[in-house]
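Data first, discussion second: the structure below is written as structure tokens.
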Amino acid sequence: MALDTHVSEMLNTQINKELYSAYLYLTFADYYDARGLKGFANWYVIQSQEEVDHARILRRYLLDNEVTPKMEAIAQPDLTFSDDLAPLKAALEHEQFITRSIEECYGAAREVLDLRTMKLLDWFVEEQGEEEVNAQDMITNMELFGTDPMGLYNLDREYQSRAYTQQTTLVM
Ligand code: OFO
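When the count follows my numbering, it moves up by one through the sequence shown with no breaks and lands on 291 for the last residue.
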């Protein structure tokens, strides 16, 4: 059955939001890189890669359902940060915004009993749950340990060890 137009438009908008997330996280990486915190920078570069994966999962889904995605313009992130905690707080806020957006897509799919799209979005719901926990943990760690130079150094080394793994649901 063809995708409901409203659902497919919402998924198309979600592609743009995921690509914006990728863009946003690159600016976070740039902030930390300029500060000499290469581990934090690494963490956000990888986060950015994951966001591109999310966009590609949605793109594939639309294509598989005979909808050609429309690549909209990506807004310029305009955040500036006063300290090392600020990007972490902005990340949590952004993830909460994305979670709401996924929920809205889910709601639209449920309204037309589009079980296939709901199943796809289940993965995103779970992913958002994990990302909010990660974002909150990074804030907590920074508040607990980040004010001490050695604590900050150790945190940076920990985030340096994050490696990129392609999202399991990703099909080219
Ligand atoms: Fe796309 O994972 Fe969060 O934003």
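For each residue, glycine too, the CB sits at the ideal point set by N, CA and C.
If the five residues before and after N135 are omitted, its C-beta is found closer than 6 Å to the C-beta atoms of E191, all from its own chain and listed in chain order. In this structure, the CA atom of P188 is about 33 Å from the CA atom of Y151.
Counting other Cβ atoms within 10 Å of its Cβ, M257 reaches 16 or more and is therefore classed as buried. Taken from the Cβ of E169, at least one heavy atom of the ligand OFO lies inside 8 Å. Counting C-beta pairs closer than 8 Å gives three or more between the stretch 202-222 and the stretch 141-149, which meets the contact rule.
Counting of Cβ neighbours within 10 angstroms places T236 among the buried residues, the total reaching 16 or more. In this structure, D123 and V231 form a Cβ contact; the two beta carbons are roughly 5 Å apart against a cut-off of 8 Å.
When rounded, the separation of the alpha-carbon atoms in E222 and E137 is 14 Å. For V186, no alpha helix (DSSP H) segment is defined, and its DSSP state is neither H nor E. Taking 9 Å as the cut-off, the beta carbon of G158 is found closer than this to the beta carbon of D275. Rounded to whole angstroms, L271 and L239 show a C-alpha spacing of 38 Å. The Cβ atoms of A209 and F200 lie closer than 9 Å to each other. With a threshold of 8 Å, the Cβ atom of I217 counts as near the ligand OFO, since some heavy atom of the ligand is closer than that.
Residues G270, L271, N273, L274 of the same chain have their beta carbon placed closer than 8 Å to that of F264, with the five preceding and five following residues left out of the count.
With a minimum length of 4 residues, the unbroken runs of alpha helix (DSSP H) contained wholly in the stretch 172-245 fall at 205-230.
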